[in-house]
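Per our numbering, the sequence shown runs over residues -2 to 308. Idealized CB from N, CA, C, for every residue including glycine. As the structure is a computational prediction, the values presented were derived from the model and not from experiment. Take a look at the structure below.
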Amino acid sequence: MAVRSAARPSRLADPSGPRPNRRRTDFTGLYFVLPFFAFFVAFLIWPLLAGLGTSTTDAGLSTPGEFVGLDNFVAAFRDPDVWVSLGNTLWFTVLSTPLLVGIGLILALLVHQLTPGRWFWRLSFFAPFLLPATVVSLIFVWIFQPDFGLADGMLAAIGLNTDVGWLSDPSMAMFSIVLTTTWWTVGFNFLLYLAALQSIPQEYYEAAALDGADRWRQLWRITLPLLGRTTGLVLVLQLLASLKVFDQIYLMTSGGPGNSTIPVIQYVYEMGFTNFRIGYASAISYLFFAIVLVIALAQLRLFGNRKESDR
């Protein structure tokens, strides 16, 4: 009996002492999460459900509309302009993503080797990313002006043909927009790569140099493998950003000439706020959301398999 009494908690010996309030401790974390959960429901979950409901109606800009089932989705599948805008969006993504990832990596490798003036190059490459889309678009519309634009002037200076329809030729307009986007946004990827390079321990390079590895071998054997996770992050962010392209295209070409550069988000905007077909625009949005989701899951599966093979 004496042993049992000694093993009892001290609060039995002093019933008036403080007792641990287990239930209150368990709910403490909920109080911190609740405001963010409320914003998450109000600004993400509820709009998603409301938009999905709207896509099954013939709602206009100011009218609620009637339930039409899947008619909007069937009409979207039969609308050739939907596929043209989806094709333009995917073509822009295919053109811009390798450029923005590759150039960002090359610039980071070059700046990382510089000791004096590194801050100047870091500022120079990242500064364009801080400019708003309107400013960037206005600058490049002037650069691509025929006859007196900077682009034609540079071609004339090296003796090349200056009769280039940078924004007026359907086969050239998308390339001009990709060039503009690369100059504008490559600084973000450059900064991510530069931060990753600065986190690689110098001991790896010193050990490789002692083993006789030159700079190229160090780049292929040490630097690029250790940048694998950063490359995966940059690739995911860049794909999502390219698929959401809208601002610079709308401001520079308005989707033209013809429909050669119109992205799917601009087509959704025109259906909803120009033609006042909110229900149909919502259906196209969810169709595009499904495509982006498939691409994201495929990319996640690809990187997941690569991580498993690296183990």
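State the DSSP-derived secondary structure class of residue i, mapped to helix, strand or coil.
| i | result |
| --- | --- |
| F273 | coil |
| T228 | helix |
| F172 | helix |
| T112 | coil |
| F185 | helix |
| I159 | First, the amino acid is wrong: residue 159 is Thr here, not Ile. DSSP places T159 in coil when its eight states are reduced to three. |
| F37 | helix |
| P125 | helix |
| G252 | coil |
| L164 | coil |
| G146 | coil |
| I262 | helix |
| F74 | helix |
| D208 | coil |
| V81 | helix |
| F286 | helix |
| V242 | coil |
| S257 | coil |
| F89 | helix |
Cβ atoms of residue j and residue i: under 9 Å apart, would you say?
| i | j | result |
| --- | --- | --- |
| T220 | L97 | no |
| Y264 | V79 | yes |
| I281 | A73 | yes |
| L223 | A204 | no |
| L189 | T227 | yes |
| F270 | L58 | yes |
| S121 | Q235 | no |
| T54 | V71 | no |
| S196 | T90 | no |
| P254 | A170 | yes |
| F141 | S173 | yes |
| T86 | I262 | yes |
| W116 | P143 | no |
| V183 | L104 | yes |
| I288 | L83 | yes |
| R119 | L207 | no |
| A35 | S279 | no |
Counting C-beta neighbours from all protein chains within 10 Å, is the total for residue i 16 or more, i.e. buried, or is it exposed?
| i | result |
| --- | --- |
| G50 | exposed |
| S7 | With a pLDDT of 48 at S7, under the threshold of 50, the modelled position of this residue cannot be trusted, and the question is left open. |
| Y28 | exposed |
| V242 | buried |
| L294 | exposed |
| T258 | buried |
| P113 | exposed |
| G39 | Sequence check: residue 39 is Ala here, not Gly. Looking at its Cβ environment, which holds fewer than 16 other Cβ atoms inside 10 Å, A39 is exposed. |
| V108 | buried |
| F37 | exposed |
| L290 | exposed |
| N69 | buried |
Leaving aside the five residues before and after residue i along the sequence, list all residues of the same chain whose C-beta is less than 8 Å from its C-beta, in chain order.
| i | result |
| --- | --- |
| S134 | T177, D244, Q245, L248, M249 |
| R214 | A205 |
Report all residues from its chain with a CB closer than 6 Å to the CB of residue i; omit the five preceding and five following residues, and keep chain order.
| i | result |
| --- | --- |
| W181 | P125, V133 |
| N256 | V81 |
| L9 | Residue placement at L9 cannot be trusted, given a pLDDT of 47 that sits under 50; what the coordinates show is reported in the next sentence. Closer than 6 Å at the Cβ level, and outside the excluded window around L9, lies no residue. |
| L284 | A73 |
| N187 | It should be pointed out that residue 187 corresponds to Phe in this sequence rather than to Asn. Result list for F187: G101, L104, A105, F122, in chain order. |
| T159 | D149, L152, A153 |
Can you tell me which residues form a DSSP beta bridge with residue i?
| i | result |
| --- | --- |
| F64 | T54 |
I'd like the list of long-range same chain contacts for residue i, defined as Cβ closer than 7 Å, with 5 residues on each side in sequence excluded.
| i | result |
| --- | --- |
| M(-2) | The pLDDT assigned to M(-2) is 39, lower than 50, so where the model puts this residue is not dependable, and the model offers no usable value. |
| P167 | P254, G255, S257 |
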